[in-house]
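**Q** The working numbering numbers the first residue of the sequence shown as 518 and each following residue consecutively. Please find one structure pasted underneath; my questions will follow.
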Amino acid sequence: VYSLKYKDETGAEKKMDVPMTFADFAATEGRFGKQFKKAPPDTWNDNMLQLAEFLELDQDERDGKFPYIWAVDQKNRLTRLIVSEELVLASEERLNFWLQLKDLTGSAQAGASDDLAATIRAELIDKITASLGMSLAGAASAPAATGSAPAAAGGHEPVWIETPECTACDECTTIAPKVFAYNDQKLAIVVNPQGAKYADIVKAAEKCTAGCLHPGTPWNANEPGLEKLIARGAKFN
């Protein structure tokens with residue numbers, strides 16, 4: 518759950534608690550723009566259902582329902598974003614991963630083998646990381662590296678930001694302005710994951726005062742000094 522700040526009809530500052538889903542994270546990343554459709558207040562109806570509630574429904578109960586997440590427009594007014602079917606599936610997949618991790622934590626507390634729990638947890642995290650990397654790469658607006666960089670094209674995990682945690686320190690937007698920018702809420706987002714050298718992306722992660730910037734892996738396998746850069750970046754992934 519996170520707090521969404523907005524202005525009501527009178528211009529008064531308001532906030533409400535909103536369930537955090539993968540789609541809420543995706544909405545802060547410019548590359549996912551095509552996965553949402555804006556629904557202004559005059560289009561709201563009873564067939565619209567908040568994504569967190571939609572994901573709790575059985576498949577046969579979802580027919581005719583339109584999942585959405587809350588957001589704000591350029592004037593900081595409350596609006597709804599209808600979520601694409603593809604992003605709904607991605608959100609559901611990550612929710613299931615999270616529930617598995619949660620169950621695993623409970624099992625460990627109940628007396629399960631620490632070694633076994635650690636092994637299973639690592640496997641689940643690997644699945645999450647791999648799946649997330651594929652989704653981000655597929656949704657990126659910039660073309661994937663090809664030709665002389667097969668490793669980067671095949672296993673590249675793009676840089677990402679925990680946008681709600683941003684403190685607007687200006688470090689990332691100064692170091693790599695083609696990669697990072699501020700949204701309407703003055704929170705940093707990724708606009709082009711391949712807009713700078715991996716060295717600059719790692720430097721931005723190191724300078725990030727909130728520790729919310731995760732450099733991922735190099736998108737260009739031919740960039741000099743990758744071995745050391747990967748080691749530096751790993752501390753923030």
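Beta carbons are placed, not taken as given, at the ideal position from N, Cα and C, and that holds for glycine. Note that the structure is a prediction, hence the values are computed from the model and not measured.
To the nearest angstrom, how far is the alpha carbon of LEU743 from that of VAL696?
**A** Within the sequence shown, residue 743 is the residue found at index 226, counting from 1. Within the sequence shown, residue 696 is the residue found at index 179, counting from 1. Going by the C-alpha atoms only, they are around 19 Å apart.
**Q** Relative to the alpha-carbon of PRO558, which residue among TRP587, GLY547, ASN613, LEU568 has its alpha-carbon at the smallest distance?
**A** The sequence position of residue 558 within the sequence shown is 41, counting from 1. The candidate whose alpha carbon is nearest that of PRO558 is TRP587.
**Q** Compare the C-alpha of ASN754 against each of ASN737, LYS745, TRP736, GLY728 and name the closest.
**A** Here residue 754 is taken as the residue at index 237 of the sequence shown, counted from 1. Considering only alpha carbons, the answer is GLY728.
**Q** Determine the burial state of GLU570: buried for a count of at least 16 other Cβ atoms within 10 Å of its Cβ, exposed for fewer.
**A** Residue numbering aside, residue 570 sits at position 53 when the sequence shown is read from its first letter. Exposed, since its Cβ has fewer than 16 Cβ neighbours within 10 Å.
**Q** Measure from the alpha carbon of GLU573 to the alpha carbon of each residue in LYS531, LEU612, THR734, then state which is nearest.
**A** Along the sequence shown, one-based indexing puts residue 573 at 56. Of LYS531, LEU612, THR734, the residue nearest in Cα terms is LEU612.
**Q** Could you pull the start and end residues of the alpha helix (DSSP H) that PRO707 belongs to?
**A** Position 190 of the sequence shown, counting from 1, holds the residue named residue 707. As written in the sequence, residue 707 is Val, which differs from the Pro given in the question. Careful: VAL707 lies outside any alpha helix (DSSP H), inside the beta strand (DSSP E) at 705-707.
**Q** Taking just the CA atoms, how far does PHE542 sit from GLY550?
**A** Position 33 of the sequence shown, counted from the first residue, corresponds to residue 550. Position 25 of the sequence shown, counted from the first residue, corresponds to residue 542. Near 12 Å, if we compare the C-alpha coordinates of PHE542 and GLY550.
**Q** Answer yes or no: do LEU568 and SER608 have a C-beta to C-beta separation smaller than 8 Å?
**A** Position 51 of the sequence shown, counting from 1, holds the residue named residue 568. Position 91 of the sequence shown, counting from 1, holds the residue named residue 608. Taking 8 Å as the Cβ cut-off, LEU568 and SER608 qualify as a contacting pair.
**Q** In the DSSP assignment, find the alpha helix (DSSP H) that holds LYS534 and state where it starts and stops.
**A** Your numbering for residue 534 matches position 17 in the sequence shown. In the sequence as displayed, the identity of residue 534 is Asp instead of Lys. Run containing ASP534: none in the alpha helix (DSSP H); it sits in the beta strand (DSSP E), 530-535.
**Q** What are the start and end residues of each continuous alpha helix (DSSP H) run of 4 or more residues lying completely inside the stretch 570-626, in chain order?
**A** 602-626
**Q** Using a Cβ-Cβ distance under 8 Å, would GLU530 count as near chain B?
**A** This model lacks chain B altogether; it includes just one protein chain.
**Q** Taking 8 Å as the threshold (C-beta atoms), are ASN593 and LYS532 in contact?
**A** Reading the sequence shown from its first residue, position 15 is the one you call residue 532. Reading the sequence shown from its first residue, position 76 is the one you call residue 593. Taking a C-beta distance under 8 Å as the contact criterion, LYS532 and ASN593 do not qualify as a contact pair.
**Q** Terminal residues of the continuous beta strand (DSSP E) containing PHE799?
**A** The requested residue 799 is not part of the displayed model; the chain covers only 518 to 754.
**Q** Starting from LYS524, trace the alpha helix (DSSP H) in both directions and tell me its first and last residue.
**A** Along the sequence shown, read from residue 1 onward, the residue named residue 524 stands at position 7. Note, LYS524: premise wrong, no alpha helix (DSSP H); beta strand (DSSP E) at 519-524.
**Q** Within its chain, find whatever has a CB closer than 6 Å to the CB of ARG597; leave out the 5 residues flanking it on each side and keep chain order.
**A** Here the question's residue 597 lines up with position 80 in the sequence shown. So the list reads ALA556, TYR585, once near-sequence residues are dropped.
**Q** How long is the line joining the alpha carbons of TRP736 and GLU530, rounded to whole angstroms?
**A** For the purposes of this step, residue 736 is identified with residue 219 of the sequence shown, where counting begins at 1. For the purposes of this step, residue 530 is identified with residue 13 of the sequence shown, where counting begins at 1. Using only the alpha carbons, I get a separation of about 41 Å.
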